[in-house]
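Q:
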């Protein structure tokens, strides 16, 4: 992998299927990025095991180990900074990142709905309950809100007759993995700019 490859720190909280998709992608030298560390807010999860099997350094910063949320925010940002990332990717990370991380690094996050519709922890359930015929997934730049950051990419997923939350979410996750890998790869290879809420691929003046 080229030394010029964009350095990714990936944050996980669970099984790490999005992380695995990224690990698979960075094995190709033309992808333009490499995963330099995987961090988590919990011990003993499959996401960390995936990283370890791939030979990627890992770290855990548990909220319960800190007296305040603010101290956890600072500690997490310091752990991330120790790996000198160009980009932080939340791949199923179930904590809202605080200002120390968001102000220090660009952060990519995903959501299983077509934002700004159905933000929050139950995007799939809420879309089903509303009766939409099409939902999907969003890749965004994280900000201090809940699923409110500038949108980088979206892809639609149809709601099928008889879908329940589990079946619909599984189809969304399949699309989400591909969209995340494609988006991070383009950001790594092409760069990006943000004007207001508009994210464009390409470097300034390019």
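In full-length UniProt numbering, the protein residues as written are 1 to 206. Note that CB positions come from ideal geometry on N, CA and C, so glycine has one too.
Which first and last residues belong to the alpha helix (DSSP H) in which residue 183 is found?
A: Within the chain shown, the letter at position 183 stands for residue 183. Residue 183 -> alpha helix (DSSP H) spans 165–190.
Q: In the DSSP assignment, the beta strand (DSSP E) including residue 48 goes from what residue to what residue?
A: Your numbering for residue 48 matches position 48 in the chain shown. Where residue 48 is concerned, there is no enclosing beta strand (DSSP E), although the alpha helix (DSSP H) it sits in stretches over 46–53.
Q: Just to confirm my understanding: we take residue 77, look at its own chain, exclude 5 residues before and 5 after, and list those with CB closer than 7 Å. What are they?
A: Position 77 of the chain shown holds residue 77. Excluding positions up to five away in sequence, the list reads 100, 101 and 104.
Q: Taking the alpha carbon of residue 35 as the reference point, which residue from 204, 181 and 116 has its own alpha carbon closest?
A: Position 35 of the chain shown holds residue 35. If we check each option's Cα against that of residue 35, 181 comes out closest.
Q: Of the residues 52, 85, 148 and 162, which one's Cα is nearest the Cα of residue 113?
A: Mapped onto the chain shown, residue 113 falls at position 113. Checking every option, the nearest Cα to that of residue 113 belongs to 148.
Q: Any idea which residues DSSP pairs residue 109 with across the strands?
A: As a first step, residue 109 is located in the chain shown; it is residue number 109 there, counting from the start. Answer by DSSP bridge pairing, in chain order: 140.
Q: Along the chain, where does the alpha helix (DSSP H) that runs through residue 71 open and close?
A: Within the chain shown, residue 71 is the residue found at index 71, counting from 1. Element bounds for residue 71: 69–81.
Q: Straight-line CA distance for residue 163 to residue 12?
A: Residue numbering aside, residue 163 sits at position 163 when the chain shown is read from its first letter. Residue numbering aside, residue 12 sits at position 12 when the chain shown is read from its first letter. The alpha-carbon atoms of residue 163 and residue 12 are separated by roughly 27 Å.
Q: Confirm, please, whether the CB-CB distance from residue 176 to residue 110 is below 8 Å.
A: On the chain shown, residue 110 is found 110 positions in, with the first residue counted as 1. On the chain shown, residue 176 is found 176 positions in, with the first residue counted as 1. Yes, they are a contact pair.
Q: Below 8 Å on the Cβ atoms is my contact criterion, and I expect residue 38 with residue 19 to pass it. Report the Cβ-Cβ distance as a whole number of Å.
A: Taking the first residue of the chain shown as position 1, residue 38 is located at position 38. Taking the first residue of the chain shown as position 1, residue 19 is located at position 19. Yes, residue 38 and residue 19 are in contact; Cβ-Cβ is about 6 Å, under 8 Å.
Q: Just mark residue 194 as buried or exposed, buried being the case when its beta carbon has 16 or more other beta carbons within 10 Å.
A: The count along the chain shown starts at 1 and reaches residue 194 at position 194. Residue 194 comes out exposed.
Q: Compute the Euclidean distance between the alpha carbons of residue 32 and residue 21, then round it to the nearest angstrom.
A: One-based indexing of the chain shown puts residue 32 at position 32. One-based indexing of the chain shown puts residue 21 at position 21. Rounded to the nearest angstrom, the two C-alpha atoms are 15 Å apart.
Q: Once you ignore the five residues that flank residue 183 on each side, which residues in its own chain have a CB closer than 8 Å to its CB?
A: Locating residue 183 in the chain shown gives position 183, counting from the first residue. Excluding positions up to five away in sequence, the list reads 108, 139, 152 and 153.
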